[in-house]
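Participant: Residue numbers for the sequence shown follow the UniProt record's numbering, beginning at 1 and rising by one. Quick reminder that beta carbons are idealized off the backbone N, C-alpha and C, glycines included. Let me begin by handing over the structure; questions about it come next.
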Amino acid sequence: MSTISSMLKDHGTLIQIILYLIVIVSIWLAEFSVAVYSLKKKWQHTWVNLMFILTALPIQLALTLVVIFISGWVGIHHWGILYLLPNSQSIWVKYVIGFFLMDFFEYVYHVFMHKVAPLWRFHLVHHTDVEMDVSTTVREHPGETLVRVCFQMLFVFMAGASIGLLLIRQTVQTFANLIAHTHIRLPKKTDKVCGLLFITPNLHHVHHHFELPYTDCNYGDVFSIWDRLFGTYKEMEATDIKFGLDVYHGHSPSNFFQLIKFPFFKKNKPA
Ligand SMILES: [Zn+2]
Ligand SMILES: [Zn+2]
């Protein structure tokens with residue numbers, strides 16, 4: 001056990017990247033096996049989305065150092081909401097409460113990205129994907145990556161999140177996000193039961209439906225409870241879901257460079 005924890009501590013980021021790649025490739029292949037379209041078409045679509053990793057990675061890696069610094073600072077100064085919990089609480093209880101708290105913050109972040117006009121201009125790039133699959137998870141404009149990590153700094157500071165909590169949170173969140181975007185649907189009943197607590201692929205697909213009010217629902221990251229609590233929870237038949245955005249339906253840019261420029265177009269008019 002101690003060998004595993006020291007390995008995670010020393011090579012945490014590398015292990016996460018490798019696991020991430022294994023999962024994304026496995027899901028991609030599984031999706032292809034049930035897909036109705038050709039390998040060429042799926043690869044062309046995936047390629048555009050994968051390009052976003054190149055723009056996100058430098059920002060993510062550089063700013064993660066600041067997130068780690070803040071996490072260290074709150075640890076030294078016992079600063080943040082989680083430090084208000086009694087000291088007698090076990091570390092695992094603190095991790096669970098911390099996990100829920102950070103998930104709530106992610107919900108708030110996602111609502112902000114939809115409701116604050118300048119932020120929406122960046123976030124809509126994620127929503128312009130009309131052929132959503134697991135690769136859509138990484139379709140994030142670098143402007144949004146910057147905003148997201150800045151919000152994360154604030155959340156770590158407010159919560160008093162430790163490195164351990166961030167590591168657990170990041171791992172679970174990454175897998176949950178990949179699964180949420182996958183084209184593979186759960187059987188109806190399983191989806192319904194899992195959806196009581198978690199954001200299932202179907203629930204996140206509803207969020208990617210091209211028409212309002214569905215685009216502005218199911219903001220949850222790992223848990224669906226925040227949507228249920230704040231009235232933004234919506235269900236829809238999987239067969240009725242059409243991906244994209246109503247304002248750009250049929251003419252969303254599909255080229256990577258157009259997508260990078262997209263938030264800066266006047267009124268987000270397509271190229
Ligand atoms: Zn969204
Ligand atoms: Zn999404």
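So residue 136 and residue 209 are in contact, right, with Cβ under 8 Å, and what is the actual spacing, rounded?
Facilitator: Residue numbering aside, residue 136 sits at position 136 when the sequence shown is read from its first letter. Residue numbering aside, residue 209 sits at position 209 when the sequence shown is read from its first letter. With 8 Å as the limit, residue 136 and residue 209 do not qualify as a contact, their Cβ atoms being about 14 Å apart.
Participant: Just to check, is the beta-carbon of residue 153 closer than 7 Å to a non-hydrogen atom of ligand 1?
Facilitator: Residue numbering aside, residue 153 sits at position 153 when the sequence shown is read from its first letter. Not so, every heavy atom of ligand 1 lies at least 7 Å from the Cβ.
Participant: When we look at the beta-carbon of residue 46 and count the other beta-carbons within 10 Å, is it buried (16 or more) or exposed?
Facilitator: Taking the first residue of the sequence shown as position 1, residue 46 is located at position 46. Buried.
Participant: What number of angstroms, rounded off, separates the C-alpha of residue 102 from the C-alpha of residue 169?
Facilitator: In the sequence shown, the residue the question calls residue 102 occupies position 102. In the sequence shown, the residue the question calls residue 169 occupies position 169. Taking the straight line from one Cα to the other gives about 8 Å.
Participant: Mind listing, in chain order, the continuous alpha helix (DSSP H) runs of no fewer than 4 residues lying wholly within the region 107-195?
Facilitator: Listed in chain order, they are 117-127, 142-159, 163-181 and 188-194.
Participant: In terms of residues, what are the limits of the alpha helix (DSSP H) holding residue 256?
Facilitator: By one-based count along the sequence shown, residue 256 stands at place 256. Residue 256 -> alpha helix (DSSP H) spans 256-261.
Participant: From this set, 263, 48 and 53, which residue's C-alpha is nearest residue 21's C-alpha?
Facilitator: Here residue 21 refers to the residue found at position 21 of the sequence shown. Nearest option by C-alpha distance: 53.
Participant: Measuring straight from C-alpha to C-alpha, what distance separates residue 72 and residue 64?
Facilitator: Here residue 72 refers to the residue found at position 72 of the sequence shown. Here residue 64 refers to the residue found at position 64 of the sequence shown. Their backbone Cα atoms lie some 12 Å apart in a straight line.
Participant: Quick check on the DSSP output: the alpha helix (DSSP H) that includes residue 226 runs from which residue to which?
Facilitator: Start at 1 with the first residue of the sequence shown, and residue 226 comes out as number 226. Residue 226 -> alpha helix (DSSP H) spans 225-229.
Participant: Any idea what DSSP makes of residue 243, helix, strand or coil?
Facilitator: Counted from its first residue, the sequence shown places residue 243 at position 243. Here residue 243 sits in strand by DSSP.
Participant: From residue 113 to residue 147, what does the alpha carbon distance come to, in whole angstroms?
Facilitator: Start at 1 with the first residue of the sequence shown, and residue 113 comes out as number 113. Start at 1 with the first residue of the sequence shown, and residue 147 comes out as number 147. Each residue's Cα considered, the two are about 9 Å apart.
Participant: Classify residue 198 as helix, strand or coil using the three-state DSSP reduction.
Facilitator: Position 198 of the sequence shown, counting from 1, holds the residue named residue 198. Here residue 198 sits in strand by DSSP.
Participant: Can you tell me whether residue 204 sits near ligand 2, meaning its C-beta is under 7 Å from at least one heavy atom of the ligand?
Facilitator: Here residue 204 corresponds to residue number 204 of the sequence shown, with the count starting at 1. Residue 204: yes, Cβ under 7 Å from ligand 2.
Participant: Compute every distance between the C-beta of residue 200 and the non-hydrogen atoms of ligand 2, then say whether any falls below 7 Å.
Facilitator: Position 200 of the sequence shown, counted from the start, is the residue given in the question as residue 200. Residue 200: no, Cβ never under 7 Å from ligand 2.
Participant: Quick test of the definition: if touching needs 3 or more C-beta pairs under 8 Å, does the region 88-107 touch the region 183-203?
Facilitator: Verdict: no, contact absent.
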